[in-house]
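Report on the following structure.
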Amino acid sequence: MLFAVSVDGPGSHPAAWHDEVVPRTSTLDPTRLTESVRTAARAGFAFAVFADRLAPRHGGDDLRYDAVTLAARLAPVTTSIGIVPEVSAPLTEPYHVSKAVATLDFISGGRAGWNPRPTVDPAEARYAGRPEVASVEERLAWADEHLEITRRLWDSWEDDAVIRDVDAARYLDAGKLHRVDFRGRHFAVRGPSTTPRPPQGHPVTVIDVVDDASTALAVRHADVAVVHAEDIDELRERRAEVAAALEAAGRRSSTRILGRLAAFGDSRTEAGERLRRRLDEIAGPITGALTVTGPVADIVDEVRTAVTIAAVDGFLVLPPTVTGGLQVWTDAVLPALHLPVPPAGAALRDRLGLTRPANSLVAAS
Amino acid sequence: MTHRSRQVHLAAYFPGVNHHTVWRHPDSGSQIEFDSFVEFIRTAERGRFDFFFLAEGLGVREHRGAIVEHSIAGRPDSLTVLPALAAVTEHIGLVATINSTFNDPYQLARQFGSLDVLSGGRAGWNVVTSVGAGDNFSRGRYLDYADRYRRATEVIDASRRLWTSRPDGPTGPGPSVPIDYRGEFVTVDGPFSVPSSPQGHPVIVQAGDSDDGREFAAQLADVVFTPSRDLDGARAFFRDVKSRLPRYGRAGDDLRILPGASFVLGDTSDEARERAAHLEDLAVSGPVAMYLLEQQWGRDLSAYDPDGPLPDVDPDWEVMPARVRTQEDQDPRAVVARWRAIAEHDRLSIRQLMARVRGLSAIVGTPVQVADHIQHWVETEACDGFIITPAVIPSGLAEFVDRVVPILQERGVHRRDYTGTTLREHLDVPVPELRMPVAQGA
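Residue numbers (full-length UniProt numbering), protein chains in the order written: chain G, 1 to 365; chain F, 1 to 442.
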C-alpha cells in the first residue's frame with residue numbers, strides 16, 4: 001500500500017484557510033513546514049504533493065508560496081520522502097519547468113516529482129494578466145505538448161554526456177546531447193536543456209484524473225495517476241477505466257493508481273464526525289475525495305477496505321488541517337498499517353516500484 | 001572629513017558556462033551536484049560575503065552550428081537551487097540572473113517573492129533582457145531590443161507593486177492593496193498571495209552596460225554588476241552611474257557597483273604569476289583558443305594550428321561584428337590590429353595570445369597585494385566591491401576566504417561577522433520607495 005500526503009498551506013479542507021481554524025502565520029514558517037514534512041516522512045508517506053495556486057481561493061486572503069520554491073526549500077532538509085510540487089503549467093515555459101524539476105531531483109538526491117496542473121481557473125488567469133485558453137480540450141492539448149517537451153528535455157542529455165576528458169580538452173561529448181526540435185501547435189522548442197539528465201532520468205510525473213480529457217493525459221504521461229472520486233464505487237469504476245486505458249496503451253505496469261482520501265479522526269468516537277461537520281459548515285466539504293470519519297481503528301479499517309474494493313495502489317491523503325488532520329495519520333493510522341520502512345537514500349521511482357526510464361532520444365540499439 | 005573606511009562588498013559567483021573555469025584542474029568539482037553548490041556557498045558565507053550569484057543559461061553554448069565541447073556546461077535551474085541553498089545557509093544573500101523576456105511577470109514575482117520570504121529576506125534578482133535564445137521559448141520571441149528594455153522596466157514595476165502589496169498588520173500579513181497594473185507590455189490585476197518580506201522586497205541587480213541600462217540601474221537597481229575594466233574606466237563608469245541617482249531621489253550609497261573579478265594567489269608575486277600562467281594554460285586549451293579566435297574572425301579557422309602564429313587571412317568583417325562582445329572595444333578592426341601587434345611583438349602563438357587577451361583577467365598577487373588592489377579600487381571610488389569567481393570550482397574560493405578576507409577584516413574594511421540578517425542590510429542599501437521619478441533625464 002502506497003500513501004502520499006498533500007501539503008496545501010493550512011490544510012486540504014477549504015475551512016482550514018479560515019484563521020479561526022488554523023492560524024495563518026503558523027503555516028508560513030519554513031521551520032514548521034520542515035517539521036511537518038519530516039514527520040510525514042517518518043510515518044511512511046512515500047511522497048508529499050505541494051499544492052500550488054496563483055491566486056487566493058478562499059475568501060480572497062490566502063497566503064502561500066510558489067510550490068516549486070517551497071519544495072526546493074524543503075528538499076535538502078528532508079530524507080526519504082518524495083518531493084512533488086504542483087506546477088501551474090499555463091504560467092510557465094516547458095523549458096523552465098524541465099530545468100526546475102530536474103534541479104529538484106538533483107538537490108533531493110533523486111526524490112523529485114511534479115504534479116502538472118494543466119489549467120488555471122479564470123480568476124487566476126485574470127490575476128496573472130494572462131488570457132484564458134478556450135476549451136477544456138484545448139487546454140489539455142496544450143498541456144499534452146507541455147508535458148511531452150518537458151520529458152524530452154530531460155532526455156536531451158544522455159546520462160554520461162559530461163566526459164571531462166582532460167587530455168583531449170573535451171568537457172562534453174556533444175554527440176550525447178540531443179536537440180528536442182519540437183514543433184507543435186502551441187510550442188516550438190529546440191533544446192537541448194541547460195540542465196543535465198536528472199538522477200531518476202525522469203522525475204515522477206503525478207497527474208490528477210478528473211474527467212476523460214485528464215484520463216487521456218494521464219495515460220500518456222503519468223507515473224502516478226491520482227483518481228478523483230467521492231465514494232468507493234465511483235473510485236472503483238474510475239480506477240478500472242484508467243487501468244484499462246493504461247493497459248491498452250501498454251503502460252499499466254509503469255503507472256501507479258491512487259485514490260484521494262480525507263480522514264476526520266481522533267481517538268474519541270464522535271470527535272471526527274463533529275470536526276467534519278464544523279469545517280463543512282464554514283466552507284463546504286472537501287471535493288473529489290473519499291471521506292472517512294471516526295476513531296482511529298475505524299479509519300484504519302475503512303482505508304484497508306477502500307484499497308481492497310477499489311483496487312487502488314493506495315491513496316493521496318488530504319489532511320483537513322495541517323495540525324490535527326495530519327497528526328491522525330502520522331501518530332496512528334500509518335503506524336497501524338505497518339508500512340515497510342524504505343531504504344535510506346532510495347529514489348522516489350524505486351520507492352514506487354518504477355524502473356528508471358531509458359532515454360527516449362537515444363535510438364535503441 | 002573623517003569617517004569609517006569605505007566598506008568592501010563581496011559576492012561570490014558560481015559560473016555555469018565560460019572558458020575561465022579551469023575544469024581540467026585536478027581539484028575541479030561537479031558543476032551540477034548539489035554538494036558543489038553547498039561547499040561553495042558555505043565558503044562564501046564563512047567569508048561573510050554579501051551574496052552568492054548565479055548567471056543564467058537559456059541554452060547550451062553553440063559555435064558554428066555545433067555544441068561547444070571544451071568548456072563547462074550543464075547547470076541547475078537558478079530559481080530552484082537557490083531556495084535549496086537557503087535551507088543550508090543562514091545569512092548570505094541569494095541572487096539569480098533571470099531575464100524579463102522569456103518569463104511570465106506574475107510567476108516571476110511569485111518565485112522571487114517566495115524565495116525572499118523563505119530565506120528570511122535574502123533574495124536578489126539580476127534582471128537581464130536577453131536577446132536571442134528565443135528558440136526554446138514561446139514568450140518573448142518577437143520582442144525587438146528596444147522593447148525588451150521597456151518591458152523589463154514594466155516587469156520590475158509590476159513586481160514591486162506585488163511584493164509590497166501586503167504590508168504587515170499588527171497580527172501578521174495585512175490585506176492586499178489593489179494592484180491593477182496596466183502597462184504597455186505587462187498587465188497584472190493581483191492580488192498577490194505571497195507574504196511580505198523582511199527586507200521589503202528582493203534586491204534588484206542590473207548588469208547591462210548601455211546608456212539605457214545605466215538609466216534603468218539608476219532608477220530601479222540596488223546593485224550593478226559590471227564587466228571588469230581598467231581603473232580609469234571603472235572610475236568613469238562609477239561616477240557616471242552614481243551621478244544619475246539624484247534624478248530619482250536617490251543617494252550615492254543607495255546603489256552598489258560591483259565588477260566581476262577572478263584572483264590568483266601566491267606566497268610571492270612571482271609564484272602568483274606562475275600559478276596564473278599555469279591556470280591560463282589549462283583554461284585556454286587549443287580548442288578554446290580556436291573558438292575564441294573564430295568568434296573574433298567570424299570564419300572557419302580549423303586549418304590553423306593553435307600553437308602556430310595568427311592566421312594571415314583577415315576576419316570576415318561582415319559576419320564578425322555581431323559576435324564581438326559589446327562591452328569591449330567597439331571597433332572590431334582596432335581589436336584585431338591590437339592583437340596582431342601584441343602577437344608580433346611578443347612572438348605569441350594563437351593559444352598564448354588568447355590566454356593573454358581572453359584569459360582569466362584575474363587580480364594576481366600575494367594575499368596582501370590582492371587585498372591592496374580591492375581596497376584601493378573601493379577607496380578611490382572605482383567600485384563598491386567585487387563579485388569574485390575562483391578559477392577552480394568549487395574549492396578555489398576557500399583560498400580567498402582564508403587568505404585575503406582576514407586581511408580586509410584586519411584593516412576594518414570588511415565585516416568580521418554579519419551585522420544584519422537580510423541582503424539589503426549586508427549591502428547597506430535602503431528599501432526603495434515606490435514612487436515616480438522626480439525628474440526625467442534629458
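Built from N, CA and C at the ideal position, the CB exists for glycine as well.
Enumerate in chain order the residues of its own chain whose CB-to-CB distance from residue i is below 7 angstroms, with the five nearest sequence positions on each side excluded.
{"i": "D8 (chain G)", "result": "A51"}
{"i": "D144 (chain G)", "result": "L217, R220"}
{"i": "T323 (chain G)", "result": "V22"}
{"i": "S28 (chain F)", "result": "V22, V392, I393"}
{"i": "G345 (chain G)", "result": "G109"}
{"i": "residue 402 (chain G)", "result": "The question about residue 402 (chain G) has no answer, for chain G in this structure spans 1 to 365."}
{"i": "N136 (chain F)", "result": "L58, G59"}
Give the interface partners of residue i over in chain G, defined as CB-CB distance under 7 angstroms, in chain order.
{"i": "H70 (chain F)", "result": "A169, R170, Y171"}
{"i": "V60 (chain F)", "result": "L177, P192, T194"}
{"i": "P76 (chain F)", "result": "T103, F106, T195"}
{"i": "I32 (chain F)", "result": "F106, P196"}
{"i": "residue 444 (chain F)", "result": "Residue 444 (chain F) falls outside the range modelled here, since chain F spans only 1 to 442, and no answer is possible."}
{"i": "A73 (chain F)", "result": "Y171, L172"}
I need the straight-line Cα distance from residue i to residue j, nearest angstrom please.
{"i": "L70 (chain G)", "j": "L348 (chain F)", "result": "53 angstroms"}
{"i": "P342 (chain G)", "j": "F47 (chain G)", "result": "12 angstroms"}
{"i": "A218 (chain F)", "j": "G260 (chain F)", "result": "19 angstroms"}
{"i": "A289 (chain F)", "j": "I350 (chain F)", "result": "7 angstroms"}
{"i": "T31 (chain G)", "j": "L282 (chain F)", "result": "45 angstroms"}
{"i": "D254 (chain F)", "j": "E154 (chain F)", "result": "21 angstroms"}
{"i": "G11 (chain G)", "j": "S193 (chain F)", "result": "16 angstroms"}
{"i": "Q327 (chain F)", "j": "P227 (chain F)", "result": "Note that Q327 (chain F) has pLDDT 43, beneath the 50 cutoff, so the model's placement of it is unreliable and the number below is only indicative. Taking the straight line joining both Cα atoms gives about 7 angstroms."}
{"i": "K99 (chain G)", "j": "G57 (chain F)", "result": "10 angstroms"}
{"i": "A347 (chain G)", "j": "R197 (chain G)", "result": "15 angstroms"}
{"i": "T355 (chain G)", "j": "R349 (chain G)", "result": "6 angstroms"}
{"i": "R275 (chain F)", "j": "P116 (chain G)", "result": "50 angstroms"}
{"i": "S361 (chain F)", "j": "V284 (chain F)", "result": "12 angstroms"}
{"i": "R411 (chain F)", "j": "Q107 (chain F)", "result": "44 angstroms"}
{"i": "V49 (chain G)", "j": "G184 (chain G)", "result": "29 angstroms"}
{"i": "E230 (chain G)", "j": "V204 (chain G)", "result": "25 angstroms"}
{"i": "S302 (chain F)", "j": "R64 (chain F)", "result": "11 angstroms"}
{"i": "I309 (chain G)", "j": "A89 (chain G)", "result": "34 angstroms"}
{"i": "V38 (chain F)", "j": "S30 (chain F)", "result": "11 angstroms"}
{"i": "L427 (chain F)", "j": "V95 (chain F)", "result": "13 angstroms"}
{"i": "R256 (chain G)", "j": "L290 (chain G)", "result": "18 angstroms"}
Using the beta-carbon of each residue, which ones in chain F are nearer than 9 angstroms to residue i?
{"i": "R73 (chain G)", "result": "P83, A84, A86, A87, S114, L115, L118, S119"}
{"i": "W142 (chain G)", "result": "Those within 9 angstroms of W142 (chain G) in chain F number zero; the least Cβ separation is about 10 angstroms."}
Using a Cβ cut-off of 8 angstroms, pull out every chain G residue sitting near residue i, in sequence order please.
{"i": "V95 (chain F)", "result": "Residues of chain G passing the Cβ test: none, with the nearest at roughly 15 angstroms."}
{"i": "P287 (chain F)", "result": "A169, R170"}
Grab me the residues of residue i's own chain with a C-beta within less than 8 angstroms of its C-beta, minus the 5 sequence neighbours each way, in chain order.
{"i": "H201 (chain F)", "result": "G113, D116, S159, R160, W163, T164, V431"}
{"i": "I342 (chain F)", "result": "L348, L353, R356, V357"}
{"i": "F40 (chain F)", "result": "A12, F14, F52, I393, P394, L397"}
Please list the partners that residue i has in chain F, where partner means a Cβ-to-Cβ separation under 7 angstroms.
{"i": "E93 (chain G)", "result": "F102, F137, S138, R139"}
{"i": "V189 (chain G)", "result": "N136"}
{"i": "I81 (chain G)", "result": "Near I81 (chain G) there are no residues of chain F at all, since even the closest Cβ is about 15 angstroms away, more than 7 angstroms."}
{"i": "D62 (chain G)", "result": "S193"}
Quick one: what's got a C-beta closer than 6 angstroms to residue i's C-beta in the same chain, skipping five residues either side?
{"i": "R64 (chain G)", "result": "G9"}
{"i": "D329 (chain F)", "result": "Annotation note: pLDDT 49 at D329 (chain F) (below 50); position unreliable, coordinate value reported separately. Around D329 (chain F): V335."}
{"i": "V266 (chain G)", "result": "One point to set straight first is that residue 266 (chain G) is Asp, not Val, in the sequence displayed. Once the five neighbours on either side are set aside, the close Cβ partners of D266 (chain G) are G272."}
Would you decide whether residue i is buried or exposed? Buried here means 16 or more other CB atoms lie within 10 Å of its CB.
{"i": "I163 (chain G)", "result": "exposed"}
{"i": "T215 (chain G)", "result": "buried"}
{"i": "G113 (chain G)", "result": "buried"}
{"i": "S135 (chain G)", "result": "exposed"}
{"i": "I92 (chain F)", "result": "buried"}
{"i": "P122 (chain G)", "result": "exposed"}
{"i": "I98 (chain F)", "result": "buried"}
{"i": "E184 (chain F)", "result": "exposed"}
{"i": "R325 (chain F)", "result": "Its pLDDT being 46, under 50, R325 (chain F) is placed unreliably by the model, and nothing is read from it."}
{"i": "D181 (chain G)", "result": "exposed"}
{"i": "S269 (chain F)", "result": "exposed"}
{"i": "D211 (chain F)", "result": "exposed"}
Using the beta-carbon of each residue, which ones in chain F are nearer than 8 angstroms to residue i?
{"i": "R126 (chain G)", "result": "D189"}
Residues of chain G with CB under 9 angstroms from residue i, in chain order?
{"i": "A66 (chain F)", "result": "A174"}
- Within the chosen definition, does the stretch 87-101 of chain G reach the stretch 327-336 of chain G through at least 3 CB pairs nearer than 8 angstroms? no
- Does the stretch 230-244 of chain G come within contact of the stretch 268-282 of chain G, defined as at least 3 CB pairs closer than 8 angstroms? no
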